[in-house]
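Here's the structure, in C-alpha cells; my notes come after.
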Amino acid sequence: MSKAPLRIAVAIAWLAALLNFFPLAWMLLASFKTEVQAIASPPLFFFRPTLDNYRGIFAQQDYASFALNSIVISLATTLLMLLLAVPAAFAMAFYPGAKTRDLLLWMLSTKMLPAVGVLVPIYLLARDLHLLDTLTALVIVNTLSNLPIAVWMLFTFFRETPKDIIEASRIDGANVLQTIFLVLLPLVLPGIASTSLLSIILCWNEAFWSLNLSAHNAAPLTAFIASFSAPQGLFWARLSAASVLAIAPILVFGWISQRQLVRGLTFGAVK
Amino acid sequence: MQRKPAKAARVNTFPLLAPSVLALLVWMTVPLAITVWFSFRRYNLLNPMLHGFAGFNNYRFLIADPALSHILLTTIVLVVAILAITVSLGAVMAALFNLSFPGRGIARVLMISPFFVMPTVSALIWKNLLMHPVNGLFAAIARGLGLPVIDWFGSLPLLSIIIIVSWEWMPFAFLILLTALQSLDQEQLEAARLDGAGPVAIFFHIQIPHMARAISVVVMMETIFLLGIFAEIYVTTAGGPGIATTNLPFLIYQRALLAFNVGSASAAGVIAIVLANIIAAFLIRTIAKRLDV
Numbered sequence: 003m004s005k006a007p008l009r010i011a012v013a014i015a016w017l018a019a020l021l022n023f024f025p026l027a028w029m030l031l032a033s034f035k036t037e038v039q040a041i042a043s044p045p046l047f048f049f050r051p052t053l054d055n056y057r058g059i060f061a062q063q064d065y066a067s068f069a070l071n072s073i074v075i076s077l078a079t080t081l082l083m084l085l086l087a088v089p090a091a092f093a094m095a096f097y098p099g100a101k102t103r104d105l106l107l108w109m110l111s112t113k114m115l116p117a118v119g120v121l122v123p124i125y126l127l128a129r130d131l132h133l134l135d136t137l138t139a140l141v142i143v144n145t146l147s148n149l150p151i152a153v154w155m156l157f158t159f160f161r162e163t164p165k166d167i168i169e170a171s172r173i174d175g176a177n178v179l180q181t182i183f184l185v186l187l188p189l190v191l192p193g194i195a196s197t198s199l200l201s202i203i204l205c206w207n208e209a210f211w212s213l214n215l216s217a218h219n220a221a222p223l224t225a226f227i228a229s230f231s232a233p234q235g236l237f238w239a240r241l242s243a244a245s246v247l248a249i250a251p252i253l254v255f256g257w258i259s260q261r262q263l264v265r266g267l268t269f270g271a272v273k
Numbered sequence: 008m009q010r011k012p013a014k015a016a017r018v019n020t021f022p023l024l025a026p027s028v029l030a031l032l033v034w035m036t037v038p039l040a041i042t043v044w045f046s047f048r049r050y051n052l053l054n055p056m057l058h059g060f061a062g063f064n065n066y067r068f069l070i071a072d073p074a075l076s077h078i079l080l081t082t083i084v085l086v087v088a089i090l091a092i093t094v095s096l097g098a099v100m101a102a103l104f105n106l107s108f109p110g111r112g113i114a115r116v117l118m119i120s121p122f123f124v125m126p127t128v129s130a131l132i133w134k135n136l137l138m139h140p141v142n143g144l145f146a147a148i149a150r151g152l153g154l155p156v157i158d159w160f161g162s163l164p165l166l167s168i169i170i171i172v173s174w175e176w177m178p179f180a181f182l183i184l185l186t187a188l189q190s191l192d193q194e195q196l197e198a199a200r201l202d203g204a205g206p207v208a209i210f211f212h213i214q215i216p217h218m219a220r221a222i223s224v225v226v227m228m229e230t231i232f233l234l235g236i237f238a239e240i241y242v243t244t245a246g247g248p249g250i251a252t253t254n255l256p257f258l259i260y261q262r263a264l265l266a267f268n269v270g271s272a273s274a275a276g277v278i279a280i281v282l283a284n285i286i287a288a289f290l291i292r293t294i295a296k297r298l299d300v
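Protein sequences appear in the order of chains A and B.
Under the working numbering, the letters of the first sequence match residues 3 to 273, in that order.
Under the working numbering, the letters of the second sequence match residues 8 to 300, in that order.
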C-alpha cells in the first residue's frame with residue numbers, strides 16, 4: 003500500500019482502538035471522582051482524584067465476600083472441569099477410535115443447548131436439593147456448561163503432541179507414572195494452562211446462572227454489580243470503582259490468553 | 008524398524024471417557040426432559056392446588072398471546088442486528104490491524120478489552136455514565152454541539168441494547184477474523200498488489216474469501232450466545248418499556264421466576280431450544296468439516 007492511504011488506515015485503526023476502549027477509560031476516571039463530580043455536567047476531565055469510592059466498597063459493601071465467591075467459583079469449576087476433561091481429551095487424542103469423531107461432535111452439540119431452555123428445571127432441582135444460593139450449585143452448572151469447550155480445547159492441544167512419545171519412553175524403561183509425569187505432563191502443560199485460563203475467564207464473567215441461582219451468600223461479582231442497577235443504588239463513582247475492581251484481574255488474563263481464546267471459542271476451527 | 012501402533016489401539020479408554028460422557032449425558036437429557044414434561048403440565052408455584060396434564064394449553068396460550076410474536080421478533084432483531092454490526096466492523100478492523108504499524112500490539116489489546124468485561128458492568132457503565140439523558144457523556148456532547156439530547160433507554164431502548172452488546176461482541180469477531188487473516192499467504196497478497204489490486208479490491212476479493220470459514224464460525228458462535236442475551240437486559244431495561252426489549256430468555260425468566268408459572272415458562276423454553284437447535288445443526292456441520300480425526 004502506498005504511503006498516504008497506509009497512514010490513513012493506521013490512523014483509523016488507532017482511532018477505533020481508542021474509541022472502543024474509551025468507555026472503560028471513562029469508567030476508570032469516574033472511579034476516582036466524588037459522586038458529585040461523577041454526574042457533573044459538563045463532564046469533568048480534570049479533578050482531584052479520591053480513593054473514597056474504593057474505601058467505601060471494602061468498608062460498606064462487603065466487596066471481599068463477593069470477590070471471594072467469584073474466585074472460589076472460578077477456581078473450583080476449573081479444577082473440577084480439568085479433572086473430567088483431561089482424561090477424556092487425552093483418551094481421544096492419543097487413542098482415537100472409530101467413534102471419537104462422533105463423540106467430539108456430540109459433546110460440542112451439548113454446548114448448543116440454550117441455558118434459558120433449562121432454567122426452570124435447574125432452578126427447581128437446585129431448590130429441591132437445597133442448593134439455591136450455594137457455591138456448589140454454581141460450580142456444578144459452570145462445570146457442565148463449559149466442559150465441552152474444555153474437552154475440545156485440550157483435545158486440539160493434545161493432538162499436536164507426538165504420539166510415539168509414550169511408546170518411546172516405555173522402551174526406555176519408564177513405568178506408567180514416570181511416563182505421565184516426566185514425559186507427557188511437561189509437554190501438555192501449556193495446553194492445560196491455556197484451557198484453565200479460558201475457563202477462569204468464562205466463569206468470572208458468567209452472569210445468567212449467577213443472577214438466577216444466587217441471592218446473597220453465593221453471589222459472585224457479576225451479581226454484586228447487578229445490584230447497582232436498583233434505582234436507589236445509583237452511585238456512579240461507586241459503581242465505577244466496583245466495576246474496575248471486578249474486571250481488572252480478568253482483563254489481564256484476557257490479554258495474556260488472546261490466542262488460546264480464539265482456539266477455544268471456535269472449537270479449534272480457527273487457530 | 009517399522010513398529011505398528013497396534014498396541015495403542017488395545018488401550019481401554021472407557022474409564023477415561025466415562026466421567027465426562029456421563030456428566031454431559033445427564034446434563035443434556037435430564038433438564039431437557041423435565042422442561043418438556045413441565046411444558047405439558049399445569050404448574051404454578053404460587054398455586055399448588057392447580058396441577059395436572061395441560062395438553063398443549065401452555066403452548067396455545069403462549070402462541071395466542073399477541074406479545075409472543077413481538078418477543079420473537081425482538082429476539083431475532085437483536086441477533087441479526089448485532090451480528091451485522093459486529094461481523095462487518097470486525098472484518099474491516101481485522102483487515103486494518105493486519106497491516107503492521109507502530110504500537111499495533113497495544114492497539115489490539117485496547118480493541119479486544121470489552122470482550123473480557125462482565126456483561127453487568129458493560130451494561131451499567133453504558134446505561135449510566137454514557138447514555139444517561141441528563142448526566143451522561145453523550146448528552147453532554149450533544150448539548151455541546153447544539154444537537155438534541157437523546158433519551159437512549161426511553162426512546163430507543165432496543166437500539167441501546169444493540170449498541171451495548173455489539174460493543175461487547177465486536178472484539179470477539181475482530182480477534183477471530185484477525186487470527187484467520189494472519190494465516191493468509193503473504194505472497195498471494197504481494198502478487199495481487201503487483202497486479203495492481205488496491206486495498207479495497209484485496210479486501211473483498213482475497214481477504215473476505217479467505218475469512219469465509221472463520222466468519223461462518225463467528226456468526227454461528229455469536230448466534231448461540233446472542234439468542235441468550237439476558238444480563239444486559241436484566242440490569243438496564245428489565246424488558247421494558249412495556250415489552251420493547253423483552254426477548255425470549257427474558258420472557259422465560261419473567262414467567263418462571265417472577266410469575267412462577269412453570270408450565271408456561273417451560274413451553275417458552277422448548278421454543279428457545281428448538282430455535283437454538285436449528286442454528287446449532289448448521290454450526291456443527293461447519294466445524295465437522297474441519298475436524299480431521
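Here a beta-carbon is modelled for each residue, glycine too, at the ideal position from N, C-alpha and C.
Contact list for residue i against chain B, beta-carbon separation under 7 Å
i                : result
Thr136 (chain A) : Result: empty, since nearest Cβ-Cβ is about 17 Å, beyond 7 Å.
Met109 (chain A) : Leu31
Leu20 (chain A)  : Leu117
Ile41 (chain A)  : Asn142
Under the three-state DSSP convention, the category residue i falls into
i                : result
Arg220 (chain B) : helix
Asn268 (chain B) : strand
Arg50 (chain A)  : coil
Asn142 (chain B) : coil
Phe237 (chain A) : coil
Asn254 (chain B) : coil
Arg262 (chain B) : helix
Asn19 (chain B)  : coil
Asn177 (chain A) : coil
Asn65 (chain B)  : helix
Leu267 (chain A) : helix
Arg261 (chain A) : helix
Phe255 (chain A) : helix
Phe60 (chain B)  : strand
Arg57 (chain A)  : helix
Arg49 (chain B)  : coil
His212 (chain B) : helix
Ala187 (chain B) : helix
Lys14 (chain B)  : Residue placement at Lys14 (chain B) cannot be trusted, given a pLDDT of 46 that sits under 50; the coordinates are not used to answer.
Listed by chain order, chain A residues near residue i by CB distance under 8 Å
i                : result
Phe122 (chain B) : Gly256
Asn135 (chain B) : Leu236, Trp238, Leu241
Ala238 (chain B) : Ala209, Phe210, Leu213, Thr224, Ala228
Met228 (chain B) : Leu267, Thr268
Pro126 (chain B) : Asn207, Ala209, Thr224
Arg48 (chain B)  : The contacting residues do not exist; Arg48 (chain B) stays about 11 Å from chain A at best.
Interface partners of residue i on chain A, CB under 7 Å
i                : result
Tyr241 (chain B) : Leu213, Ala228
Trp34 (chain B)  : Thr112, Leu146
Neighbour list for residue i in chain B, Cβ cutoff strictly below 8 Å
i                : result
Val122 (chain A) : Ile41, Thr42, Phe45, Ile259, Ala263, Val269, Ala272, Ser273, Gly276
Whether residue i touches residue j by CB criterion (9 Å)
i                : j                : result
Thr268 (chain A) : Val225 (chain B) : yes
Tyr66 (chain B)  : Ala283 (chain B) : no
Asn71 (chain A)  : Ser216 (chain A) : yes
Tyr125 (chain A) : Ala238 (chain B) : no
Leu163 (chain B) : Met100 (chain B) : no
Val141 (chain A) : Ile227 (chain A) : no
Ile252 (chain A) : Trp206 (chain A) : yes
Ile41 (chain B)  : Pro123 (chain A) : yes
Tyr50 (chain B)  : Ser231 (chain A) : no
Phe104 (chain B) : Met125 (chain B) : no
Ala90 (chain A)  : Val153 (chain A) : yes
Leu31 (chain B)  : Leu149 (chain A) : yes
Beta-carbon neighbours of residue i, restricted to chain A and to distances below 9 Å
i                : result
Trp176 (chain B) : Chain A residues near Trp176 (chain B): none, gap ~11 Å exceeds 9 Å.
Leu24 (chain B)  : Pro89, Ala90, Ala93, Met94, Leu105
Leu90 (chain B)  : The contacting residues do not exist; Leu90 (chain B) stays about 16 Å from chain A at best.
Proximal chain B residues relative to residue i, where beta-carbon distance stays under 9 Å
i                : result
Ile202 (chain A) : Simply none; closest approach about 11 Å.
Unbroken alpha helix (DSSP H) run spanning residue i, endpoints
i                : result
Pro7 (chain A)   : 5-32
Asp104 (chain A) : 102-113
Arg111 (chain B) : 111-119
Asn207 (chain A) : 187-207
Asn71 (chain A)  : 65-96
Trp133 (chain B) : Here Trp133 (chain B) belongs to no alpha helix (DSSP H), and DSSP marks it neither H nor E.
Thr145 (chain A) : 137-161
Met125 (chain B) : Counting along the chain, Met125 (chain B) falls outside any alpha helix (DSSP H), and DSSP gives it neither H nor E.
What residues from the stretch 100-124 of chain B come within 9 Å of chain A, judged by C-beta to C-beta, listed N to C? Met100, Ala102, Leu103, Phe104, Leu106, Phe108, Pro109, Gly110, Arg111, Ile113, Ala114, Arg115, Val116, Leu117, Met118, Ile119, Ser120, Pro121, Phe122, Phe123, Val124
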